[in-house]
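Engineer: In my numbering, the protein residues as written are 19 to 353.
My structure is below; once you've seen it, I'll send some questions.
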(Lines of atoms letter the chains of each structure in order from A; the text may use other names.)
(Lines give C-alpha, C1' and ligand atoms only; values in the text may rest on other atoms or scores of the structure.)
Protein backbone atom coordinates (compact mmCIF):
# COMPACT_ATOMS: atom_id res chain seq x y z
CA UNK A 19 0.00 0.00 0.00
CA UNK A 20 1.43 3.39 -0.99
CA UNK A 21 1.28 6.82 0.62
CA UNK A 22 -0.58 9.27 -1.62
CA UNK A 23 1.27 12.59 -1.69
CA UNK A 24 0.23 15.97 -3.11
CA UNK A 25 2.72 18.73 -3.98
CA UNK A 26 1.73 22.41 -3.91
CA UNK A 27 4.29 24.75 -5.49
CA UNK A 28 3.82 27.74 -7.78
CA UNK A 29 6.96 26.86 -9.74
CA UNK A 30 6.40 24.36 -12.56
CA UNK A 31 10.06 23.34 -12.36
CA UNK A 32 9.92 22.68 -8.61
CA UNK A 33 6.68 20.71 -8.97
CA UNK A 34 8.41 18.52 -11.54
CA UNK A 35 11.56 18.09 -9.44
CA UNK A 36 9.69 17.32 -6.21
CA UNK A 37 7.30 14.93 -7.93
CA UNK A 38 10.19 13.07 -9.54
CA UNK A 39 12.10 12.91 -6.28
CA UNK A 40 9.11 11.69 -4.27
CA UNK A 41 8.26 9.05 -6.87
CA UNK A 42 11.75 7.61 -6.34
CA UNK A 43 10.85 6.85 -2.72
CA UNK A 44 9.51 3.36 -2.12
CA UNK A 45 5.74 3.16 -1.51
CA UNK A 46 5.15 6.83 -2.33
CA UNK A 47 2.72 7.86 -5.05
CA UNK A 48 2.41 11.51 -6.10
CA UNK A 49 -1.30 11.72 -6.81
CA UNK A 50 -1.32 15.41 -7.78
CA UNK A 51 1.04 18.38 -8.18
CA UNK A 52 -0.68 21.78 -8.25
CA UNK A 53 0.38 25.42 -8.35
CA UNK A 54 -2.22 27.24 -6.26
CA UNK A 55 -4.61 27.09 -3.35
CA UNK A 56 -7.67 26.86 -5.59
CA UNK A 57 -6.19 23.97 -7.57
CA UNK A 58 -5.33 22.21 -4.32
CA UNK A 59 -8.89 22.42 -2.98
CA UNK A 60 -10.31 21.16 -6.29
CA UNK A 61 -7.84 18.26 -6.34
CA UNK A 62 -8.59 17.31 -2.73
CA UNK A 63 -12.31 17.21 -3.50
CA UNK A 64 -11.61 14.59 -6.18
CA UNK A 65 -8.97 12.55 -4.36
CA UNK A 66 -7.87 13.02 -0.76
CA UNK A 67 -4.10 12.59 -0.33
CA UNK A 68 -2.46 11.09 2.74
CA UNK A 69 0.14 13.85 2.96
CA UNK A 70 0.76 17.27 1.39
CA UNK A 71 4.08 19.00 0.78
CA UNK A 72 3.65 22.78 0.46
CA UNK A 73 6.24 25.29 -0.70
CA UNK A 74 6.65 27.98 1.97
CA UNK A 75 6.08 30.74 -0.58
CA UNK A 76 2.49 29.60 -1.09
CA UNK A 77 1.09 30.65 2.33
CA UNK A 78 0.06 34.24 1.69
CA UNK A 79 -3.28 35.24 3.21
CA UNK A 80 -5.20 32.79 1.02
CA UNK A 81 -2.57 30.16 1.59
CA UNK A 82 -2.95 30.42 5.35
CA UNK A 83 -6.70 29.96 4.96
CA UNK A 84 -6.04 26.87 2.87
CA UNK A 85 -3.63 25.52 5.46
CA UNK A 86 -6.23 25.89 8.22
CA UNK A 87 -8.80 24.20 6.00
CA UNK A 88 -6.47 21.31 5.17
CA UNK A 89 -5.48 20.83 8.80
CA UNK A 90 -8.87 21.19 10.45
CA UNK A 91 -11.52 20.34 7.86
CA UNK A 92 -9.73 17.68 5.84
CA UNK A 93 -7.26 16.69 8.62
CA UNK A 94 -4.53 16.02 6.07
CA UNK A 95 -0.95 16.18 7.42
CA UNK A 96 0.94 19.05 5.78
CA UNK A 97 4.71 19.53 5.62
CA UNK A 98 6.25 22.85 4.61
CA UNK A 99 9.25 23.00 2.28
CA UNK A 100 11.36 26.10 2.85
CA UNK A 101 14.69 27.52 1.75
CA UNK A 102 17.62 27.77 4.21
CA UNK A 103 17.82 31.56 3.92
CA UNK A 104 14.31 32.94 4.02
CA UNK A 105 10.62 32.24 4.68
CA UNK A 106 11.30 31.43 8.35
CA UNK A 107 8.47 33.58 9.70
CA UNK A 108 6.04 32.16 7.15
CA UNK A 109 7.05 28.60 8.02
CA UNK A 110 6.69 29.18 11.76
CA UNK A 111 3.30 30.82 11.25
CA UNK A 112 2.24 27.82 9.17
CA UNK A 113 3.28 25.47 11.99
CA UNK A 114 1.08 27.44 14.37
CA UNK A 115 -1.87 27.14 12.00
CA UNK A 116 -1.62 23.40 11.70
CA UNK A 117 1.26 22.42 9.44
CA UNK A 118 2.69 19.23 10.87
CA UNK A 119 6.37 19.75 10.17
CA UNK A 120 8.86 21.38 7.82
CA UNK A 121 11.94 20.43 5.83
CA UNK A 122 14.69 22.75 4.61
CA UNK A 123 15.36 22.59 0.88
CA UNK A 124 19.03 22.89 -0.21
CA UNK A 125 20.00 25.79 -2.43
CA UNK A 126 21.19 23.38 -5.13
CA UNK A 127 18.83 20.40 -5.25
CA UNK A 128 20.65 18.66 -8.09
CA UNK A 129 23.93 18.57 -6.14
CA UNK A 130 22.14 17.43 -2.99
CA UNK A 131 19.52 15.20 -4.61
CA UNK A 132 20.02 12.08 -2.49
CA UNK A 133 20.45 14.00 0.76
CA UNK A 134 17.25 15.97 0.23
CA UNK A 135 15.38 12.87 -0.90
CA UNK A 136 16.38 11.15 2.35
CA UNK A 137 15.04 14.14 4.29
CA UNK A 138 11.70 13.86 2.52
CA UNK A 139 11.69 10.10 3.04
CA UNK A 140 12.36 10.49 6.77
CA UNK A 141 9.47 12.94 7.14
CA UNK A 142 7.11 10.52 5.40
CA UNK A 143 8.38 7.63 7.51
CA UNK A 144 7.86 9.58 10.73
CA UNK A 145 4.23 10.32 10.01
CA UNK A 146 3.29 6.93 8.58
CA UNK A 147 5.05 4.57 10.95
CA UNK A 148 2.83 2.83 13.49
CA UNK A 149 5.61 2.65 16.03
CA UNK A 150 5.16 6.37 16.73
CA UNK A 151 1.46 5.90 17.44
CA UNK A 152 1.71 2.90 19.70
CA UNK A 153 -0.78 2.44 22.50
CA UNK A 154 0.10 3.80 25.89
CA UNK A 155 1.55 1.28 28.30
CA UNK A 156 1.90 1.23 32.04
CA UNK A 157 5.25 2.55 33.30
CA UNK A 158 7.74 -0.24 33.97
CA UNK A 159 9.38 1.57 36.89
CA UNK A 160 7.58 3.47 39.61
CA UNK A 161 9.43 6.53 40.91
CA UNK A 162 9.10 8.06 44.37
CA UNK A 163 7.13 11.27 43.79
CA UNK A 164 7.17 12.43 47.40
CA UNK A 165 10.57 14.17 47.43
CA UNK A 166 9.82 16.98 44.98
CA UNK A 167 10.11 20.26 46.86
CA UNK A 168 8.53 23.65 46.48
CA UNK A 169 9.37 26.37 45.71
CA UNK A 170 9.91 25.58 42.07
CA UNK A 171 13.14 27.22 40.91
CA UNK A 172 13.11 26.47 37.17
CA UNK A 173 11.15 24.87 34.33
CA UNK A 174 12.73 23.03 31.40
CA UNK A 175 10.77 22.09 28.27
CA UNK A 176 11.73 19.81 25.39
CA UNK A 177 9.91 19.25 22.09
CA UNK A 178 10.36 18.13 18.50
CA UNK A 179 7.76 17.50 15.75
CA UNK A 180 4.65 19.52 16.54
CA UNK A 181 6.56 21.43 19.18
CA UNK A 182 6.19 25.04 17.99
CA UNK A 183 2.41 24.97 18.33
CA UNK A 184 2.60 22.98 21.59
CA UNK A 185 5.12 25.37 23.16
CA UNK A 186 2.92 28.34 22.33
CA UNK A 187 -0.03 26.60 23.98
CA UNK A 188 1.98 25.95 27.16
CA UNK A 189 3.54 29.39 27.65
CA UNK A 190 0.88 31.74 26.27
CA UNK A 191 -0.92 32.15 29.60
CA UNK A 192 2.12 32.30 31.87
CA UNK A 193 1.85 35.43 34.04
CA UNK A 194 4.40 38.21 33.61
CA UNK A 195 5.82 37.41 37.05
CA UNK A 196 6.08 33.63 37.02
CA UNK A 197 9.04 33.86 39.40
CA UNK A 198 11.33 31.33 37.69
CA UNK A 199 13.41 31.06 34.52
CA UNK A 200 12.13 28.82 31.73
CA UNK A 201 14.47 26.97 29.37
CA UNK A 202 13.30 25.42 26.09
CA UNK A 203 14.86 23.07 23.56
CA UNK A 204 12.92 22.74 20.31
CA UNK A 205 14.50 20.58 17.60
CA UNK A 206 14.92 23.18 14.87
CA UNK A 207 17.67 24.12 12.39
CA UNK A 208 20.06 27.02 12.84
CA UNK A 209 18.44 30.30 11.86
CA UNK A 210 14.87 29.24 12.56
CA UNK A 211 15.19 29.46 16.35
CA UNK A 212 15.84 33.22 16.28
CA UNK A 213 12.62 33.75 14.33
CA UNK A 214 10.78 31.34 16.62
CA UNK A 215 12.02 33.19 19.72
CA UNK A 216 10.80 36.47 18.24
CA UNK A 217 7.42 34.92 17.51
CA UNK A 218 7.13 33.51 21.04
CA UNK A 219 8.07 36.90 22.43
CA UNK A 220 5.03 38.47 20.76
CA UNK A 221 2.72 35.82 22.23
CA UNK A 222 4.05 35.56 25.78
CA UNK A 223 3.84 37.94 28.73
CA UNK A 224 7.37 36.82 29.58
CA UNK A 225 10.39 37.98 27.61
CA UNK A 226 11.55 35.26 25.22
CA UNK A 227 15.08 35.26 23.80
CA UNK A 228 17.27 32.98 21.74
CA UNK A 229 19.93 32.03 24.29
CA UNK A 230 23.50 33.26 23.89
CA UNK A 231 26.64 31.87 25.45
CA UNK A 232 27.22 33.57 28.79
CA UNK A 233 23.66 34.84 29.24
CA UNK A 234 22.92 35.52 32.90
CA UNK A 235 19.94 33.52 34.13
CA UNK A 236 17.09 35.82 35.15
CA UNK A 237 13.68 35.00 36.61
CA UNK A 238 10.61 35.69 34.46
CA UNK A 239 12.53 35.08 31.25
CA UNK A 240 12.33 32.29 28.67
CA UNK A 241 15.52 31.06 27.02
CA UNK A 242 15.26 29.15 23.73
CA UNK A 243 18.24 27.03 22.70
CA UNK A 244 19.67 28.16 19.34
CA UNK A 245 19.60 25.73 16.43
CA UNK A 246 22.89 23.93 15.91
CA UNK A 247 24.12 24.36 19.51
CA UNK A 248 23.60 22.44 22.74
CA UNK A 249 22.45 24.53 25.73
CA UNK A 250 23.51 23.78 29.31
CA UNK A 251 23.18 25.57 32.64
CA UNK A 252 26.31 26.30 34.66
CA UNK A 253 26.04 28.25 37.90
CA UNK A 254 24.03 31.36 37.00
CA UNK A 255 24.86 31.34 33.29
CA UNK A 256 23.85 29.65 30.08
CA UNK A 257 26.62 27.90 28.20
CA UNK A 258 26.40 26.85 24.57
CA UNK A 259 28.60 24.20 23.00
CA UNK A 260 29.15 22.66 19.60
CA UNK A 261 29.54 19.05 20.78
CA UNK A 262 28.39 16.23 18.52
CA UNK A 263 24.71 15.60 17.95
CA UNK A 264 23.03 13.12 20.26
CA UNK A 265 20.00 11.19 19.07
CA UNK A 266 20.82 12.84 15.74
CA UNK A 267 19.87 16.32 16.99
CA UNK A 268 21.48 19.53 18.15
CA UNK A 269 20.27 21.14 20.36
CA UNK A 270 19.32 18.09 22.41
CA UNK A 271 16.81 18.03 25.24
CA UNK A 272 19.00 15.65 27.26
CA UNK A 273 21.86 18.18 27.40
CA UNK A 274 19.61 20.83 28.92
CA UNK A 275 17.73 18.52 31.28
CA UNK A 276 20.90 16.87 32.63
CA UNK A 277 22.52 20.20 33.49
CA UNK A 278 19.30 21.64 34.95
CA UNK A 279 18.85 18.59 37.18
CA UNK A 280 22.34 19.08 38.64
CA UNK A 281 21.68 22.74 39.41
CA UNK A 282 18.06 22.83 40.55
CA UNK A 283 17.76 19.27 41.93
CA UNK A 284 14.34 18.66 43.54
CA UNK A 285 13.10 22.17 42.74
CA UNK A 286 12.96 21.51 38.98
CA UNK A 287 10.01 20.71 36.69
CA UNK A 288 10.74 19.04 33.36
CA UNK A 289 8.17 18.95 30.55
CA UNK A 290 8.42 16.69 27.49
CA UNK A 291 6.12 17.60 24.63
CA UNK A 292 5.29 16.03 21.28
CA UNK A 293 8.11 14.66 19.14
CA UNK A 294 9.68 11.54 17.69
CA UNK A 295 12.61 9.60 19.06
CA UNK A 296 14.30 9.18 22.40
CA UNK A 297 15.65 12.62 23.23
CA UNK A 298 14.60 13.69 26.71
CA UNK A 299 14.39 10.27 28.35
CA UNK A 300 17.92 10.35 29.78
CA UNK A 301 17.41 13.92 30.91
CA UNK A 302 14.18 12.99 32.67
CA UNK A 303 16.00 10.15 34.39
CA UNK A 304 18.47 12.74 35.70
CA UNK A 305 15.60 14.92 36.92
CA UNK A 306 14.02 11.97 38.74
CA UNK A 307 17.36 10.95 40.29
CA UNK A 308 17.47 14.44 41.81
CA UNK A 309 13.79 14.11 42.87
CA UNK A 310 12.49 16.71 40.44
CA UNK A 311 9.07 16.50 38.77
CA UNK A 312 8.36 15.41 35.18
CA UNK A 313 5.25 16.10 33.09
CA UNK A 314 4.71 14.44 29.70
CA UNK A 315 2.18 15.31 27.02
CA UNK A 316 -0.47 12.67 26.44
CA UNK A 317 -0.88 10.62 23.27
CA UNK A 318 -4.20 12.17 22.27
CA UNK A 319 -2.82 15.70 21.93
CA UNK A 320 0.66 14.79 20.64
CA UNK A 321 1.42 15.14 16.94
CA UNK A 322 4.03 12.41 17.37
CA UNK A 323 3.83 10.34 20.53
CA UNK A 324 7.49 9.33 20.63
CA UNK A 325 9.51 11.41 23.08
CA UNK A 326 6.83 11.62 25.80
CA UNK A 327 5.97 7.95 25.32
CA UNK A 328 9.57 6.87 25.91
CA UNK A 329 9.78 8.90 29.10
CA UNK A 330 6.51 7.44 30.36
CA UNK A 331 7.41 3.85 29.48
CA UNK A 332 10.68 4.13 31.39
CA UNK A 333 8.79 5.26 34.47
CA UNK A 334 10.17 8.79 34.58
CA UNK A 335 6.87 10.64 34.12
CA UNK A 336 5.11 11.84 37.26
CA UNK A 337 2.12 13.16 35.35
CA UNK A 338 0.71 12.57 31.86
CA UNK A 339 -1.42 15.51 30.78
CA UNK A 340 -3.27 16.99 27.84
CA UNK A 341 -1.37 19.75 26.08
CA UNK A 342 -4.22 22.09 26.94
CA UNK A 343 -3.78 21.47 30.68
CA UNK A 344 0.01 21.63 31.02
CA UNK A 345 0.22 25.43 31.23
CA UNK A 346 -2.32 25.61 34.05
CA UNK A 347 -0.66 22.69 35.87
CA UNK A 348 2.66 24.54 35.80
CA UNK A 349 1.07 27.76 37.06
CA UNK A 350 -0.54 25.92 39.99
CA UNK A 351 2.71 24.17 40.90
CA UNK A 352 4.64 27.42 40.85
CA UNK A 353 1.96 29.31 42.74
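Don't be surprised by glycine CBs; every beta carbon is placed ideally from N, CA and C.
Please state if the CB of residue 231 and the CB of residue 202 are separated by a distance shorter than 8 Å.
Structural biologist: no
Engineer: Helix, strand or coil for residue 38? Go by DSSP, reduced to three states.
Structural biologist: helix
Engineer: Would you mind reading off the limits of the beta strand (DSSP E) that contains residue 291?
Structural biologist: Looking at the DSSP string, residue 291 is not in any beta strand (DSSP E), and its letter there is neither H nor E.
Engineer: Let me check understanding here. Comparing Cα to Cα, which of 106, 349, 341 lies closest to residue 177?
Structural biologist: 341
Engineer: With three or more C-beta pairs closer than 8 Å as the rule, is the stretch 302-309 touching the stretch 275-283?
Structural biologist: The stretch 275-283 makes contact with the stretch 302-309, as at least three CB pairs between them are under 8 Å.
Engineer: Check this for me: beta carbons of residue 167 and residue 285, under 8 Å apart or not?
Structural biologist: yes
Engineer: Among the candidates 233, 295, 85, 291, whose CA atom is the shortest distance from the CA of residue 266?
Structural biologist: 295
Engineer: Quick one: is residue 96 buried, meaning 16 or more other Cβ sit within 10 Å of its Cβ, or exposed?
Structural biologist: buried
Engineer: Straight-line CA distance for residue 209 to residue 242?
Structural biologist: 12 Å
Engineer: Whole angstroms are fine: how far does the CA of residue 218 sit from the CA of residue 52?
Structural biologist: Each residue's Cα considered, the two are about 33 Å apart.
Engineer: Determine, using beta carbons only, whether residue 142 and residue 258 come nearer to each other than 8 Å.
Structural biologist: Going by C-beta atoms, residue 142 is not nearer than 8 Å to residue 258.
Engineer: How far does the alpha helix (DSSP H) with residue 184 in it reach, from first residue to last?
Structural biologist: 181-189
Engineer: What is the DSSP secondary structure of residue 352, counted as helix, strand or coil?
Structural biologist: helix
Engineer: Exposed or buried, residue 64, counting other C-beta atoms within 10 Å across all chains shown (16 or more means buried)?
Structural biologist: The C-beta of residue 64 has fewer than 16 other C-beta atoms within 10 Å across all chains shown, which makes the residue exposed.
Engineer: Let me confirm a value: residue 330 is counted as buried when at least 16 other C-beta atoms fall within 10 Å, else exposed. Which label applies?
Structural biologist: Under this definition residue 330 is a buried residue.
Engineer: According to DSSP, is residue 201 helix, strand or coil?
Structural biologist: strand
Engineer: Roughly how far, in whole angstroms, is the beta-carbon of residue 112 from the beta-carbon of residue 84, given that I think they are within contact range, below 8 Å?
Structural biologist: The Cβ separation is near 10 Å, so there is no contact.
Engineer: According to DSSP, which residues form a beta bridge with residue 23?
Structural biologist: 48, 69
Engineer: How far does the beta strand (DSSP E) with residue 75 in it extend, from its first residue to its last?
Structural biologist: Counting along the chain, residue 75 falls outside any beta strand (DSSP E), and DSSP gives it neither H nor E.
Engineer: Looking only at its chain, what residues have a beta carbon closer than 6 Å to the beta carbon of residue 50, apart from the 5 residues adjacent to it on each side?
Structural biologist: 24, 61
Engineer: Where does residue 118 fall in DSSP's three states?
Structural biologist: For residue 118, the secondary structure class from DSSP, reduced to helix, strand or coil, is coil.
Engineer: Within the same chain, show all residues whose beta-carbon is closer than 8 Å to that of residue 45, passing over the 5 residues directly before and after it, in chain order.
Structural biologist: 19, 20, 21
Engineer: Straight-line CA distance for residue 207 to residue 191?
Structural biologist: Their backbone Cα atoms lie some 27 Å apart in a straight line.
Engineer: Note down the Cα distance separating residue 66 from residue 56, rounded to an integer number of angstroms.
Structural biologist: 15 Å
Engineer: Report yes or no: is there a C-beta of chain D within less than 8 Å of the C-beta of residue 93?
Structural biologist: Of the chains in the structure shown, none is chain D; there is only one protein chain.
Engineer: Expressed to the nearest angstrom, what Euclidean distance is found between the alpha-carbon atoms of residue 261 and residue 244?
Structural biologist: 14 Å
Engineer: Take the Cβ of residue 30 as the centre, count every other Cβ of all protein chains shown within 10 Å, and call the residue buried at 16 or more, exposed below.
Structural biologist: exposed
Engineer: Does residue 136 come out as helix, strand or coil in the three-state DSSP assignment?
Structural biologist: The answer is helix: DSSP assigns residue 136 an H, G or I state.
Engineer: With residue 297 and residue 325 assumed to form a contact (beta carbons below 8 Å), what rounded beta-carbon distance in angstroms separates them?
Structural biologist: 6 Å
Engineer: To the nearest angstrom, how far is it from the Cα of residue 74 to the Cα of residue 290?
Structural biologist: 28 Å
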